[in-house]
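Asker: This structure is in structure tokens; I'll ask about it shortly.
Number of protein chains: 2
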Amino acid sequence: MKIAEKLKLAHACANPPPATFSFEFFVPKTSQGVQNLYDRMDRMYDLNPIFVDITWNAGGRSSTLTNEMVYTAQSTLGLETCMHLTCTNMPVSLIDEALEKAYASGCQNILALRGDPPLDGSESTGDFKYAKDLISYIRKKYGDHFNIGIAAYPEGHPEEESDDNLLQYLKEKTDVGADFIITQMFYDVDNFIDWCAQVRKIGVNIPIIPGIMPISTYAAFIRRAKWSEIAIPQHFLDALDPIKEDDYAVREIGTQLVADLCQKLIDSGYVNHLHFYTMNLEKSTLMLLEKLNLVDCVKDSALVSEDLPWRKSLHPNRSKESIRPIFWQNRKYSYISRTSGWDEFPNGRWGDSRSPAFGDIDLSASQLLRQSPKRAFELWGCPQTLDDLADIFVKYLNKETNALPWSDGPIGSDTDILKASLIELNRKGYFTLNSQPALSAVRSNDKVYGWGPKNGFLYQKQYLEFLVHKDVAAKLLEAVEAHNTADSTGVITYYVVDKTGNLSTNSKDEDINAVTWGVFPGEEILQPTIVEKNSFLAWKDEVYHLLDEWVSIYKSKAIQELVPQEQLEKFYEMLASFSDNYVLCNLVNNDFTSANSVMFQLLESVSA
Amino acid sequence: MKIAEKLKLAHACANPPPATFSFEFFVPKTSQGVQNLYDRMDRMYDLNPIFVDITWNAGGRSSTLTNEMVYTAQSTLGLETCMHLTCTNMPVSLIDEALEKAYASGCQNILALRGDPPLDGSESTGDFKYAKDLISYIRKKYGDHFNIGIAAYPEGHPEEESDDNLLQYLKEKTDVGADFIITQMFYDVDNFIDWCAQVRKIGVNIPIIPGIMPISTYAAFIRRAKWSEIAIPQHFLDALDPIKEDDYAVREIGTQLVADLCQKLIDSGYVNHLHFYTMNLEKSTLMLLEKLNLVDCVKDSALVSEDLPWRKSLHPNRSKESIRPIFWQNRKYSYISRTSGWDEFPNGRWGDSRSPAFGDIDLSASQLLRQSPKRAFELWGCPQTLDDLADIFVKYLNKETNALPWSDGPIGSDTDILKASLIELNRKGYFTLNSQPALSAVRSNDKVYGWGPKNGFLYQKQYLEFLVHKDVAAKLLEAVEAHNTADSTGVITYYVVDKTGNLSTNSKDEDINAVTWGVFPGEEILQPTIVEKNSFLAWKDEVYHLLDEWVSIYKSKAIQELVPQEQLEKFYEMLASFSDNYVLCNLVNNDFTSANSVMFQLLESVSA
């Protein structure tokens, strides 16, 4: 959605409307840095920014990376994204490529910038000289598809001494089609408010979004201000200079100073949206938001009313997507990537048309683990025995580790009530990959389980997925069948499959089991997660492939240097045997009104 | 579905499989007779016959009527239907027409008969002389589409003296493609069993379905036996002759005699399905089924597992239909007819593609009331005041009347728990047309509310639809809005519309409210009834049209002769004013976990 529209919507919903905000991220230099930033952006999604923007690094690998990051932010992370685009030194062919990719990602916002001239003082190359040329070009080529943002300099620009000229350029950029302004960072709030008045006076009426730079350390604070050639008000210096050696104090006091600045901006009436230069960091921005009481404040807005229990993609092809298999619950990068080629996404009902397409992905060519060898070793060490392996799972359940090979991020708090039972299972030979508790008529605004529109009722069937020794699985299936015969009201359905694809199930081929659904006023029933055979078989391939990948990255030089060969050999052997002898199971207790303990007791009775 | 397949399915599900049964109906002479028979067939649906058959009346209006009845039985009543078709005196063009219509109705079963020769002894005309010619023709033209049944005469045929020849004809008919045999009526069970043995001996192995004639009165019993030239065993006469003047006793004893006969048939092993010649009557057949303990016995079979809360149509175009608007809940003839032209039926989700098509029907040309003037007068009299009108609604709720202009049949027992409140409302100026109570996690095998597969959980939002004075409606909407503001968890959504189409609602245009849904093991959520705007507006037209039609049929000669003009004038006037001043409302309490009384109290508070 366009930023200007989102701002209008967000500020229409309450009286007085709370200020909203957005985050800028820059493109990291390494691919592990990109993965880490994705994880950070993923967490910061929960703060409900109206949008994020990704900076442009002209030329070479990093500009492609800007496009890649825009795609991931938009499609996988579901973050409304604004792409920076500079025209200095950019031939129109590269600009076309960047815009096409942004368009294809569903990105609808471009921050059109001139960009810095060559450092050596030579004349810029490129087909467009000024940002306004780029704006005109985008408008001509894409009509109204993009909202176009422009930069502004409330404290002047190093290359232009005349403030009047700067205002004139701003007016020209607006006249050729800009939709919003994002300003350079600043600390002088009075000057900024004066400047806003001048902007309005010359007839520029598009939203002014102030660029806010949090203060993390004193050195960085001074360096950035100097680099941007902006004034530092005396009271900033008075407050920070005496404590400049104490990073903690600087951050505390600095946050208060910037928060006061933000509050003044909001109170001025010129500003209702704050754009944070995060510098790819989380902490300072979060502190600022907390100080401003802006955390959670847009939760109730019209913008988040179409929530689903999983993160909605903003890719245009996926706009109607409303159902996913539960298996990839903790693997959204992989799910989005596996399904990116689909023409159409399941909406309302799963249908069976999509299922075979899961097989299209070539797992042997994929890097699905999302961890560098070193990072993987930090996370999981080098388990030597099944007990060591179980320890990793238990640590994950205890939130002492933030990832498993099968889970991109930390475990969600929705499984908290299962934690003790899950740990117990992992101690008894069940390696649990995924789970959800049974829910019945939980309100949609529930702090832990809530999703979807107001005044709804949410339901879940208990789901449990694990790897277990094939001999235990055989006994388990007998126990499940006995349970189903004895208690005809509480049918447990299962799929059990080994590495090679031998499947046992008590479901029919065409069965699609809705395991999460919601009932809302005036709506059809939403059923956003399901369990079914074809996608489970595709997931099975991924589960075992991730084991192989784990082994494979530990054959890298980095790990070979770190871990004695003997230990590595034992690790390879253990995982190989695990992969051969452990089968992947999922169980659904279809009686969602019964206690979660029913299924756990069944599992424990078998392992005992 | 084909009868032979249905029999296989029905008898595969239990051990020993219960006997199954089917009903024959003949084409009534008048259209009111047809309507009445439909109502009867509708009731007899609940007995779970495997199929019904409709006799063929060669030539003229009644053969078209056979096709019409096959269509209605199949599409509207959801009864698997077998169409009789005779070839005597039938040119192939008429046979083609009949078969085409049967095909288009989704009928997959034809009882291929020769038919009676002309009564004057002249040679039959028609393109086929024998049933076997007809069978060959159907097979040639339709391949395997139809199951073809044939008639057989265990006690001989008036035109053929040789039993061997008769068996030979049977063999020939089987060899050209017959799938099952339905026999002539008989009372001599030993002879029948001998005959079965002979049939099997000559290599005829298709199912033998005995035709069973219940005994209702002594005179009819004797007459039918004579007419069919079948033997009456002495013990029948011994038992019935002494009591022949006592119809009640004859039916009691007769039922026992025929039940014994049926039991012997079943015990013989030749027979597992009984075909009842109902003579369009309900009572004798029902008594027989009860005596044989066959009522309810197929409820659990695989055949009824895909039940929905409304009667599933067997028309092939509608095979995937799984959602309907609630408004026509008691008007299935009208709903099927209004939607018969759709290319596709909503499945899983309602979608909005269908809605406009509701308008296609030309109400001014339709007869929607389904009652002759006389029958309407018997049902509803000639109300003079709104209180009189309310009396009709109250009688309907008390099951003292079996229809309202807006309800084809008696009120269902699912509204029993609302009865007292509904009566109260009708006494206070709300004329209730349709309602359902809230349900939460009711099991799918519930005697009153149950539908769908085993081990499911059923839900309903409370629904209430009524006509009310526009002034009361205005106050009601205020009360609803106040309720929604005060109790944000229990949102009541409403649509209120007057005769001319002025609509008030608190729902959005595109909202589709699922008001009945079910959760089943291993399945997606089923949501078979919904409330939404477009279909409600179409329903509004029907509601007011039915009022007009009521007035219009009372202008017929039959009523003019029966009711003083003065009373009629008052009736016309009262209904005209009712139509102008009463608006159609529906309310849904979206909090299906709250008590039904919440909505009733709200309504009563306004009318007080």
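In the order they appear, the protein sequences are chains E and P.
For the first sequence, full-length UniProt numbering assigns the number 1 to the initial residue and increments by one for each residue that follows.
For the second sequence, full-length UniProt numbering assigns the number 1 to the initial residue and increments by one for each residue that follows.
Each residue gets a CB set at the ideal place from its N, CA and C atoms; glycine is no exception.
Since we're looking at a predicted model, the values are computed, not measured.
(1) Which full runs of the beta strand (DSSP E) of 3+ residues lie inside the stretch 513-543 of chain P, going along the chain?
(2) Return the bridge partner residues of P/Gln460 from the DSSP annotation.
(3) So that I know if they touch, is there some Cβ in chain P lying closer than 8 Å to that of E/Thr516?
(4) Decide if E/Lys299 is buried, meaning its Cβ has at least 16 other Cβ atoms within 10 Å, or exposed.
(5) Along the alpha helix (DSSP H) that carries E/Gln234, what are the first and last residues, could you check?
(6) Going by DSSP in three states, P/His157 sits in which element: helix, strand or coil?
(7) Can you tell me whether E/Ala151 is helix, strand or coil according to DSSP?
(8) Note down, in chain order, every chain P residue with its Cβ under 7 Å from the Cβ of E/Pro521.
(9) Strictly below 8 Å CB to CB, what residues from chain A border E/Trp350?
(10) P/Ala239 to P/Ile253, Cα distance in whole Å?
(11) With a threshold of 8 Å, are at least 3 pairs of Cβ atoms found where one atom belongs to the stretch 452-463 of chain E and the other to the stretch 427-442 of chain E?
(12) Nearest-angstrom Cα distance between P/Pro17 and E/Phe600?
(13) To the nearest angstrom, report how far apart E/Gly522 and E/Ala73 are at their CA atoms.
(14) Show which residues of chain P have a CB atom less than 9 Å away from the CB atom of E/Ile530.
(15) If I measure Cβ to Cβ from P/Thr593 and keep anything under 8 Å in the same chain, skipping five residues before and after, which residues do I get?
(16) Is there at least one Cβ from chain E nearer than 8 Å to P/Ser594's Cβ?
(17) Measuring only the C-alpha atoms, how far is E/Val304 from P/Thr493?
(18) Over the uninterrupted beta strand (DSSP E) stretch that includes P/Ser22, give me the two end residues.
(19) Tell me, please, whether the CB atom of E/Asn272 is closer than 8 Å to any CB atom in chain P?
(20) Would you call E/Asn455 buried or exposed, if buried means 16 or more other Cβ atoms sit within 10 Å of its Cβ?
(21) Just to make sure I have the definition right: I need the residues of chain E whose C-beta is within less than 7 Å of the C-beta of P/Gln527. Which are they?
(22) What separation, rounded to the nearest whole angstrom, lies between the Cα atoms of E/Cys87 and E/Glu24?
(23) For the beta strand (DSSP E) holding P/Ala112, just list the boundary residues, first then last.
(24) Report yes or no: do the stretch 178-189 of chain E and the stretch 203-221 of chain E share at least 3 C-beta pairs separated by less than 8 Å?
(25) So P/Lys320 packs on P/Phe358, CB below 8 Å; how close in whole Å?
(26) Could you please tell me which residues of the stretch 499-516 of chain P, in chain order, have their CB closer than 7 Å to any CB of chain E?
(27) Identify every run of the beta strand (DSSP E) within the stretch 239-284 of chain P, keeping only runs that are complete inside it and at least 3 residues long; order them along the chain.
(28) Considering only the beta carbon of each residue, do E/Ile423 and E/Leu404 sit closer than 8 Å?
(29) For P/Pro453, is the beta carbon positioned less than 7 Å from some heavy atom of the ligand PLP?
(30) So, are the CB atoms of P/Val176 and P/Arg139 less than 8 Å apart?
(31) Give me the chain P residues within the contact set of E/Ala259, using Cβ-Cβ distance strictly less than 7 Å, ordered along the chain.
(32) Can you give me the Cβ contacts of E/Ala576 inside the same chain, cut-off strictly under 7 Å, excluding the 5 residues immediately before and after it?
(33) Rounded to the nearest angstrom, what separates P/Thr20 and E/Ser507 at their Cα positions?
(34) Suppose you measure from the CA of P/Glu229 to the CA of P/Leu314; what does that come to, to the nearest Å?
(35) Tell me whether E/His11 is buried or exposed, calling it buried when 16 or more other Cβ atoms sit within 10 Å of its Cβ.
(36) Given a limit of 9 Å on CB to CB distance, which residues of the stretch 415-449 of chain P reach chain E?
Answerer: Let's see:
(1) You should have 526-532.
(2) Residue mapping note: residue 460 of chain P aligns to position 460 of the second sequence, counting from 1. Residue pairing by DSSP puts P/Gln460 in a beta bridge opposite P/Leu439 and P/Thr516.
(3) Locating residue 516 of chain E in the first sequence gives position 516, where the first residue counts as 1. The beta carbon of E/Thr516 does not come within 8 Å of any beta carbon belonging to chain P, so the residue lies off that interface.
(4) Counted from its first residue, the first sequence places residue 299 of chain E at position 299. Caution is warranted here: a pLDDT of 49 is assigned to E/Lys299, below 50, making its placement in the model unreliable, and the coordinate value is therefore given only provisionally. Answer is exposed; the Cβ neighbour count stays below 16.
(5) Working through the first sequence from its first residue, we reach residue 234 of chain E at position 234. From DSSP, the alpha helix (DSSP H) with E/Gln234 extends over Gln234 to Leu240.
(6) Counted from its first residue, the second sequence places residue 157 of chain P at position 157. Strand at P/His157.
(7) As a working note, residue 151 of chain E is residue 151 in the first sequence. The answer is strand: DSSP assigns E/Ala151 an E or B state.
(8) In the first sequence, counting from the first residue as 1, residue 521 of chain E sits at position 521. Below the 7 Å Cβ cutoff, chain P contributes Val491, Thr493 and Asn590 as neighbours of E/Pro521, in chain order.
(9) Looking at the structure shown, chain A is missing, and the protein chains on hand are E and P.
(10) As a working note, residue 239 of chain P is residue 239 in the second sequence. As a working note, residue 253 of chain P is residue 253 in the second sequence. Approximately 7 Å between the Cα atoms of the pair.
(11) The answer is yes - the stretch 427-442 of chain E touches the stretch 452-463 of chain E, with three or more Cβ pairs under 8 Å.
(12) Walking along the second sequence from the start, residue 17 of chain P turns up at place 17. Walking along the first sequence from the start, residue 600 of chain E turns up at place 600. A straight line joining the alpha-carbon of P/Pro17 with that of E/Phe600 spans about 38 Å.
(13) The count along the first sequence starts at 1 and reaches residue 522 of chain E at position 522. The count along the first sequence starts at 1 and reaches residue 73 of chain E at position 73. CA-CA distance, E/Gly522 to E/Ala73, rounds to 32 Å.
(14) Position 530 of the first sequence, counted from the first residue, corresponds to residue 530 of chain E. For E/Ile530, the residues of chain P that pass the 9 Å Cβ criterion are Glu524, in the order they occur in the chain.
(15) Start at 1 with the first residue of the second sequence, and residue 593 of chain P comes out as number 593. So the list reads Ala438 and Ser440, once near-sequence residues are dropped.
(16) Mapped onto the second sequence, residue 594 of chain P falls at position 594. For P/Ser594, the answer is no, since every Cβ of chain E falls outside 8 Å of its Cβ.
(17) Residue 304 of chain E sits at position 304 when you count from the first residue of the first sequence. Residue 493 of chain P sits at position 493 when you count from the first residue of the second sequence. Interpretation of E/Val304 is limited by its pLDDT of 48, a score under 50 that renders its predicted location unreliable; the figure taken from the coordinates is listed afterwards. Computed Cα separation, rounded: 22 Å.
(18) Numbered from its first residue, the second sequence carries residue 22 of chain P at position 22. In this chain, the beta strand (DSSP E) harbouring P/Ser22 covers Thr20 to Phe25.
(19) As a position in the first sequence, residue 272 of chain E is number 272, starting the count at 1. Chain P contact via Cβ: absent.
(20) Reading the first sequence from its first residue, position 455 is the one you call residue 455 of chain E. E/Asn455 comes out buried.
(21) Reading the second sequence from its first residue, position 527 is the one you call residue 527 of chain P. Simply Glu524 and Ile525.
(22) Indexing the first sequence from 1 puts residue 87 of chain E at position 87. Indexing the first sequence from 1 puts residue 24 of chain E at position 24. Cα to Cα, the separation comes out at about 19 Å.
(23) Within the second sequence, residue 112 of chain P is the residue found at index 112, counting from 1. That run of the beta strand (DSSP E) goes Asn109 to Leu113.
(24) In short, these stretches touch, since the Cβ pair count reaches three.
(25) If you number the second sequence from 1, residue 320 of chain P lands on position 320. If you number the second sequence from 1, residue 358 of chain P lands on position 358. Rounded, the Cβ-Cβ distance is 19 Å, inconsistent with contact.
(26) Contact annotation: in the stretch 499-516 of chain P, residues whose CB is within less than 7 Å of a CB in chain E are Ser507, Asp511, Ile512, Asn513 and Ala514.
(27) You should have 273-277.
(28) Here residue 423 of chain E refers to the residue found at position 423 when the first sequence is read from its first residue. Here residue 404 of chain E refers to the residue found at position 404 when the first sequence is read from its first residue. Result no, Cβ atoms of E/Ile423 and E/Leu404 do not sit closer than 8 Å.
(29) The ligand PLP is absent from the structure shown, which contains no ligand whatsoever.
(30) The residue given as residue 176 of chain P occupies position 176 in the second sequence. The residue given as residue 139 of chain P occupies position 139 in the second sequence. Going by C-beta atoms, P/Val176 is nearer than 8 Å to P/Arg139.
(31) Position 259 of the first sequence, counting from 1, holds the residue named residue 259 of chain E. Taking a Cβ-Cβ cut-off of 7 Å, E/Ala259 has no neighbours in chain P, whose nearest Cβ is about 33 Å from it.
(32) Counted from its first residue, the first sequence places residue 576 of chain E at position 576. Within the same chain, and ignoring the five residues on either side of E/Ala576 in sequence, no residue has its Cβ closer than 7 Å to its Cβ.
(33) Counting from 1 along the second sequence, the entry for residue 20 of chain P is found at position 20. Counting from 1 along the first sequence, the entry for residue 507 of chain E is found at position 507. If I take the Cα positions, the gap works out to 29 Å.
(34) Along the second sequence, read from residue 1 onward, the residue named residue 229 of chain P stands at position 229. Along the second sequence, read from residue 1 onward, the residue named residue 314 of chain P stands at position 314. P/Leu314 has its alpha-carbon roughly 37 Å from the corresponding atom of P/Glu229.
(35) Within the first sequence, numbered from 1, the residue matching residue 11 of chain E stands at position 11. Buried: at least 16 other Cβ atoms inside 10 Å.
(36) For the stretch 415-449 of chain P, the residues whose beta carbon sits under 9 Å from a beta carbon of chain E are, in order, Ser440, Ala441 and Arg443.
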